[in-house]
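Below: one structure, written as structure tokens.
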């Protein structure tokens, strides 16, 4: 158990819908990262937050947005969902130079 | 931009044998960190081993060790006495302190009984 929690574990929705994925980092970790992993693919970095501020942005679509709240939990919002958005979404947290990954949220768009 | 390359999409090894997974990276920075992560069929990402670039000594964690060649920008992972539970995707990753991680495309390792 890495100490990073993600909810929900599974999410099934339809095209055009909007969903919110939630991540709680390890206690004391200020950084939160979001990754997308499509089937049999590597990890695509989406976005990083540090203590509530956006720190780095990767290949995140305009339909996707994220935020980190004062209690350091983070949410990833995905809107106007398309079939290609079906993937495993990971959250990771870190304090210095090591990332700890949550179990992921598996999103299926039908 | 930093990049990480894993040239072996798939590998297999017999149980109890030794296997080496390759990783090369590209950066102009001098201080950085390198990692190997394992992703078993459960899809959980698990840190296997890490190496600080300023350390010349290769990192070792039980049956896992690395061969870090800074000048060649190479960071290979050696798994000794392979076990069935080592079957997984292995990702090499690179990080400059304070910046985001960059992951390689992964190597799928199958340990055969």
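Chains as they are written, first to last, in this note's numbering: chain F, 1 to 110; chain P, 1 to 113.
Every residue gets a Cβ at the ideal spot worked out from N, C-alpha and C, and that includes glycine.
- In this structure the stretch 21 to 28 of chain F touches the stretch 77 to 95 of chain F; the number of beta carbon pairs closer than 8 Å is three or more.
- Excluding sequence positions up to five before and after residue 73 of chain F, its CB lies within less than 6 Å of the CB of 24, all in the same chain and listed in chain order.
- Segment contact: the stretch 15 to 35 of chain P against the stretch 87 to 104 of chain P, three or more CB-CB distances shorter than 8 Å; contact assigned.
- According to the DSSP assignment, residue 10 of chain F belongs to the beta strand (DSSP E) that extends over 10 to 13.
- Chain F places a beta carbon closer than 9 Å to that of residue 47 of chain P, counting this residue as a contact.
- In terms of Cα proximity to residue 10 of chain P, the closest of P:16, P:18, P:22 and P:2 is P:22.
- Under the Cβ criterion (8 Å, minimum of three pairs), the stretch 48 to 57 of chain F does not count as touching the stretch 5 to 18 of chain F.
- By the rule that beta-carbons nearer than 9 Å mark a contact, residue 87 of chain F does not touch chain P.
- For residue 67 of chain P, the enclosing beta strand (DSSP E) covers residues 64 to 69.
- Residue 108 of chain P is bridged by DSSP to P:10 and P:89.
- Residue 60 of chain P and residue 69 of chain P have their C-alpha atoms roughly 15 Å apart.
- Contact annotation: the stretch 81 to 90 of chain F does not touch the stretch 1 to 10 of chain P, with fewer than three C-beta pairs closer than 8 Å.
- The Cβ of residue 30 of chain P sits no closer than 9 Å to any Cβ of chain F.
- If you check the CB distance, residue 100 of chain P and residue 100 of chain F do not come in under 9 Å.
- Under the three-state reduction of DSSP output, residue 26 of chain P falls in the strand class.
- Nearest to residue 65 of chain F by alpha-carbon distance, out of F:33, F:37 and F:40, is F:33.
- Chain-order list of chain P residues neighbouring residue 66 of chain F: empty, with the shortest C-beta distance near 13 Å, by a criterion of under 8 Å.
- Distance from the CA of residue 72 of chain P to the CA of residue 81 of chain P, rounded to the nearest whole angstrom, comes to 27 Å.
- By the neighbour-count criterion, in which 16 or more other beta carbons inside 10 Å mark a residue as buried, residue 38 of chain F falls on the exposed side.
- Within chain P, the C-beta atoms nearer than 7 Å to that of residue 97 of chain F come from 33, 95 and 97, in chain order.
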